[in-house]
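To convert, count from 1 in the sequence shown and add 21; that's our numbering. First comes the structure, then the notes that go with it.
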Amino acid sequence: MAATATALAVLTACGGGEDTSAKGAGGKPVTITFWGWAKGSKEVVDAFNASHTNIRVTFEEIPSGNAGGYAKISNAVKAGNAPDLVSIEYPSLPEFVSAGSLQDIGAHFTEDDRKKLLPQAVDLTTLGGRTWAVPFDATPQVFYYRKDLFAKYGVQAPKTWDEFRAAAEKVKKADAKARIATFFPDDPTTFEAMAWQAGAQWFKAEDDTWKVDTTDPATTKVTAYWQGLLDAGLVHNNASFSPEWTGSLKNGGTIGYLGASWGAGVLKGTLPEQSGKWAAAPMPSWDGKPASGMLGGSTFAVTKGSEKAAAAVEFAKWMATTEEGVKARIASGTSSAFPAATALRPVAQKVFDTGFYGGQDLYALFEQAGTSIRTDWAWGPTTGTTNTAIKDRFGKVKGGGTTLAEGVKAGHDATVAQLTKRGLKVEG
22 MAATATALAV LTACGGGEDT SAKGAGGKPV TITFWGWAKG SKEVVDAFNA SHTNIRVTFE
82 EIPSGNAGGY AKISNAVKAG NAPDLVSIEY PSLPEFVSAG SLQDIGAHFT EDDRKKLLPQ
142 AVDLTTLGGR TWAVPFDATP QVFYYRKDLF AKYGVQAPKT WDEFRAAAEK VKKADAKARI
202 ATFFPDDPTT FEAMAWQAGA QWFKAEDDTW KVDTTDPATT KVTAYWQGLL DAGLVHNNAS
262 FSPEWTGSLK NGGTIGYLGA SWGAGVLKGT LPEQSGKWAA APMPSWDGKP ASGMLGGSTF
322 AVTKGSEKAA AAVEFAKWMA TTEEGVKARI ASGTSSAFPA ATALRPVAQK VFDTGFYGGQ
382 DLYALFEQAG TSIRTDWAWG PTTGTTNTAI KDRFGKVKGG GTTLAEGVKA GHDATVAQLT
442 KRGLKVEG
């Protein structure tokens, strides 16, 4: 990350407010605005406002980042009417930093604060030698599966990707309409998490040069593997969280979900009628040993125009690093967040009702997966450009119009072009 920071510093504009205190004037509370979409956000804001008198939070729920939320935030920053605090996922944070849309919060988020958090999450929010966001959760990959249908078809939860393909073949043979999982053509981050797990490193910075490589052996292996599954019709090819995906889960046409720790809450909220039928297992890996990338994951960042950074960070820290904040979110029943604050994981474990999963100790699984997150991945400063190009090509794979490899190549070329356009040194 140190090398990445050097290159990213070339892109960074230091916007920032001037407040040094979270206190209001004349004894009145500071009022801050917060935009986000994560499950349980409203409940967290309500709990904070009920227990604090020095800060008041006004919350607006916006679409998820890639569904329009990031565009809304960017437009608000440009127009000078952005909220004080925004939710930004780890993959998109460098792009907001490089655009000068955020401010360094290092004065309010100290080293003592950072020591409470998973190092991988801290690394992903430390860019250009500065602190740009408060990490909220860690999001290691997890495989969720219908244990009743796995038992019916005589399939075991796969430990390796070879076993995953064998299990996929067995499921299809047992039920011609059923598939073990779904490939999401609209969500490159799921594919990227699998490349991350395999040891890929798409973005690397040395001195003032960005090195972009999506043709490394790890990525090539993952790309060929999933192209093979799609060509053999062993997995569905549907948009993430679409009616088609949801409907297939409901009717047993899809019996597994390659997701992340936060996916436990998604399934629970989407399929309440299937309570007790699901279980979770470690993500399959190439050698059977624990290995994970991160899929999504939320941070809280202060916009460059905010003059209430201290208050915004105080609220963000309350959400991410206090027992009360974590309880308020998970008690909503919709969030299975795995806190980046390691000491708070027992709190999350106790609050999240795992009845949907037959009482399985999900957080013990998340803990194991979290420690296996590879530390050599960094996101580049043009995630939007990269993922838009990949998404456009992945969407055409179903009709045979292109291949996954061509999609990844398109993302590579678009990234290099965008970095070059910004006047940066690029190799790749």
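Built from N, CA and C at the ideal position, the CB exists for glycine as well.
Under the three-state reduction of DSSP output, residue 329 falls in the coil class, being neither helix nor strand.
Looking at the DSSP output, residue 278 bridges to 165. Residue 376 sits in a helix when the DSSP states are folded into three classes. In the pairwise beta carbon analysis, the region 90-107 is classified as not touching the region 308-317: fewer than three pairs are separated by under 8 Å. If you look at residue 231, you'll find it in the beta strand (DSSP E) that goes 230-233.
Judged by beta-carbon spacing, residue 266 lies beyond the 8 Å limit of residue 258, meaning their Cβ atoms are not closer than that value. Excluding residues up to 5 positions away in sequence, 103 lie with their Cβ nearer than 6 Å to the Cβ of residue 97 in the same chain.
Restricting attention to 444, 421, 54 and 430, the CA atom closest to the CA of residue 251 is found in 421. Taking the C-beta atoms as reference points, residue 53 is found no nearer than 8 Å to residue 338. Distance from the CA of residue 147 to the CA of residue 400, rounded to the nearest whole angstrom, comes to 11 Å.
Under the three-state reduction of DSSP output, residue 183 falls in the helix class. Residue 264 counts as exposed, since fewer than 16 other C-beta atoms from the protein chains shown sit within 10 angstroms of its C-beta.
The shortest C-alpha to C-alpha distance from residue 409 to any of 198, 429 and 358 is the one to 429.
Contact check for residue 340 against residue 214 fails: the beta carbons are separated by 8 Å or more.
With contact defined as three or more Cβ pairs closer than 8 Å, the region 382-397 and the region 291-308 are in contact. Around the beta carbon of residue 99, a 10 Å sphere encloses fewer than 16 other beta carbons of the protein chains shown; the residue is thus reported as exposed. Judged by DSSP secondary structure, residue 69 falls outside any beta strand (DSSP E) and instead within the alpha helix (DSSP H) spanning 62-72. Minimum Cα-Cα distance from residue 154 among the listed residues 244, 87, 113 and 82 corresponds to 113. Here residue 209 has 408, 411 and 412 as same chain residues with Cβ atoms under 6 Å from its own Cβ, once five neighbours each way along the sequence are excluded. Here residue 293 is exposed: its Cβ has fewer than 16 other Cβ atoms, across all protein chains shown, within 10 Å.
Here residue 179 is buried. Its C-beta has 16 or more other C-beta atoms within 10 Å. Straight through space, the alpha carbons of residue 84 and residue 224 are spaced by roughly 28 Å. Residue 233 and residue 243 have their C-alpha atoms spaced approximately 17 Å apart.
Residue 87 holds the alpha-carbon nearest to the alpha-carbon of residue 108 among 120, 127, 128 and 87. If the five residues before and after residue 74 are omitted, its C-beta is found closer than 7 Å to the C-beta atoms of 50, all from its own chain and listed in chain order.
Exposure of residue 367 is indicated by the presence of fewer than 16 other C-beta atoms within 10 angstroms of its C-beta. Annotation note: the region 185-244 contains the following uninterrupted beta strand (DSSP E) runs of length 3 or greater, listed N- to C-terminal: 224-227 and 230-233.
Residue state for residue 102 is assigned as coil, using DSSP reduced to three classes. Counting the other CB atoms within 10 Å of its CB gives residue 131 a total below 16, which places it among the exposed residues. Under the three-state reduction of DSSP output, residue 408 falls in the helix class. In the DSSP assignment, residue 117 falls within the alpha helix (DSSP H) that extends over 114-119. For residue 394, the pairing in a beta bridge is given by DSSP as 313.
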